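Student: Top line first, the protein sequences correspond to chains C and S.
Take 6 as the starting number for the first sequence in the numbering used here and just add one per residue.
Take 6 as the starting number for the second sequence in the numbering used here and just add one per residue.
I have a structure here, written as structure tokens, and I will follow up with some questions on it.
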Amino acid sequence: GAVVSQHPSWVICKSGTSVKIECRSLDFQATTMFWYRQFPKQSLMLMATSNEGSKATYEQGVEKDKFLINHASLTLSTLTVTSAHPEDSSFYICSARRGTSGTPGPFYEQYFGPGTRLTVT
Amino acid sequence: GQNIDQPTEMTATEGAIVQINCTYQTSGFNGLFWYQQHAGEAPTFLSYNVLDGLEEKGRFSSFLSRSKGYSYLLLKELQMKDSASYLCAVMGPGANNLFFGTGTRLTVIP
């Protein structure tokens, strides 16, 4: 169990357009989903945290109006990159966490999606 | 804030043992994770430590010393398929977010 999917796996778009990336937990309900960005040969940088039914919490330096996150259900979160520019080209990875507040442990394990490679031309 | 350090690259021989170190400074600590990531793929979970000591899982073991802010991942009987990046990640205050180190790119040579 604990499979997370992302769609699309890769996308090429023109500068100025918007792109939506979906993240789904397939066999569990995700109380929290996370969006990361990874540039080549660098580690994952957390962009935002989203809880179902509430507004996302963005990390410092991440523009919330540019990276729109919607977590409409316990199994689906979407990231929309609005007015994309070439510098937004990156590997976007989502993760999902099941479980609720309590003693840290396996309940806090994050399950990662396969990632979406975005190229903006 | 969080500060997580790992060596950038390591090379080891097939069949050998390699230890990847991770040091961290964090304002709150709720556990340390190790992930494996092959190029162009998402990270996959390897281990989780929240108490001091060694956790063994097959060929992989992970150690944690909270007082020293130190962890290591030990890989035994290295195989070529173990060539990947290994990410150390600390769960910070509130047990909500994972903060990743830059990752250690391990190359296994014949």
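Note that CB positions come from ideal geometry on N, CA and C, so glycine has one too.
Computed from a predicted model, the values in this text were never measured in an experiment.
Here's a check: name, in chain order, each residue in its chain whose Cβ is nearer than 7 angstroms to the Cβ of C/Ser20, leaving out the five neighbours to either side.
Tutor: In the first sequence, the residue the question calls residue 20 of chain C occupies position 15. Result list for C/Ser20: Ala89, His90, Pro91, Val125 and Thr126, in chain order.
Student: Got a sec: is the Cβ-Cβ distance from C/Pro91 to anything in chain S below 8 angstroms?
Tutor: Working through the first sequence from its first residue, we reach residue 91 of chain C at position 86. No, its Cβ sits nowhere closer than 8 angstroms to a Cβ of chain S.
Student: Using a cut-off of 9 angstroms between C-beta atoms, extract the partners of S/Phe65 located in chain C.
Tutor: Numbered from its first residue, the second sequence carries residue 65 of chain S at position 60. Near S/Phe65 there are no residues of chain C at all, since even the closest Cβ is about 16 angstroms away, more than 9 angstroms.
Student: Give, in chain order, every residue of the region 22–50 of chain S whose Cβ lies closer than 9 angstroms to some Cβ of chain C.
Tutor: Those would be Asn35, Gly36, Phe38, Tyr40, Gln42, Gly45, Glu46, Ala47, Pro48, Thr49 and Phe50, in chain order.
Student: Using a beta-carbon distance cut-off of less than 7 angstroms, what residues from the region 34–48 of chain C approach chain S?
Tutor: The region 34–48 of chain C vs chain S, Cβ under 7 angstroms: Gln47 and Ser48.
Student: Check each candidate in S/Gly58, S/Gly33, S/Ile22 and S/Cys27 and name the one with the smallest Cα separation from S/Tyr40.
Tutor: Within the second sequence, residue 40 of chain S is the residue found at index 35, counting from 1. The shortest C-alpha separation from S/Tyr40 is found at S/Cys27.
Student: Whole angstroms are fine: how far does the CA of S/Pro98 sit from the CA of S/Asp57?
Tutor: Here residue 57 of chain S refers to the residue found at position 52 when the second sequence is read from its first residue. Here residue 98 of chain S refers to the residue found at position 93 when the second sequence is read from its first residue. Going from the Cα of S/Asp57 to the Cα of S/Pro98 covers about 18 angstroms.
Student: Measuring straight from C-alpha to C-alpha, what distance separates C/Thr108 and S/Asn35?
Tutor: The residue labelled residue 108 of chain C in the question sits at position 103 within the first sequence. The residue labelled residue 35 of chain S in the question sits at position 30 within the second sequence. The predicted position of C/Thr108 is uncertain, since its pLDDT is 45 and thus under 50; no value can be drawn from it.
Student: C/Leu189 and C/Glu57 look like a contact to me (Cβ under 8 angstroms); what is the Cβ gap, rounded to whole Å?
Tutor: Only positions 6 to 126 of chain C appear in the structure, and residue 189 of chain C is not among them; the question remains open.
Student: Is S/Tyr53 close to chain C? Criterion is C-beta to C-beta, closer than 8 angstroms.
Tutor: Taking the second sequence and counting its residues from 1, the one referred to as residue 53 of chain S is at position 48. Yes - at least one Cβ of chain C is within 8 angstroms of the one on S/Tyr53.
Student: For S/Thr107, go through chain C and note every residue whose CB falls closer than 7 angstroms to its CB, in chain order.
Tutor: Numbered from its first residue, the second sequence carries residue 107 of chain S at position 102. The answer, in chain order, is Gln47 and Ser48.
Student: If you reduce the DSSP assignment to three classes, tell me which class S/Asp10 lands in.
Tutor: Counting from one through the second sequence, the residue named residue 10 of chain S turns up at place 5. Strand at S/Asp10.
Student: When you compare the CB of S/Asn8 with every CB in chain C, is at least one pair closer than 8 angstroms?
Tutor: Locating residue 8 of chain S in the second sequence gives position 3, counting from the first residue. For S/Asn8, the answer is no, since every Cβ of chain C falls outside 8 angstroms of its Cβ.
Student: Sort S/Phe68, S/Gly74 and S/Asn54 by Cα distance to S/Gln24 and report the nearest one.
Tutor: Reading the second sequence from its first residue, position 19 is the one you call residue 24 of chain S. Of the candidates S/Phe68, S/Gly74 and S/Asn54, the one whose C-alpha sits nearest the C-alpha of S/Gln24 is S/Phe68.
Student: Give the secondary structure of C/Glu92 by DSSP, where H, G and I count as helix, E and B as strand, and everything else as coil.
Tutor: Numbered from 1 along the first sequence, position 87 holds the residue referred to as residue 92 of chain C. Three-state result, C/Glu92: helix.
Student: Enumerated in chain order, which unbroken segments of the beta strand (DSSP E) with a length of 3 residues or greater are wholly contained in the region 8–65 of chain S?
Tutor: As far as the region 8–65 of chain S is concerned, its whole beta strand (DSSP E) runs of at least 3 residues are 14–18, 23–31, 37–42, 49–54 and 58–62.
Student: Secondary structure at C/Lys25, three-state DSSP: helix, strand or coil?
Tutor: On the first sequence, residue 25 of chain C is found 20 positions in, with the first residue counted as 1. In the structure shown, C/Lys25 sits in a strand (DSSP, three-state: E or B).
Student: Let me check understanding here. Comparing Cα to Cα, which of C/Gln34, C/Thr22 and C/Cys28 lies closest to C/Tyr41?
Tutor: Walking along the first sequence from the start, residue 41 of chain C turns up at place 36. Taking only the C-alpha atoms, the option nearest C/Tyr41 is C/Cys28.
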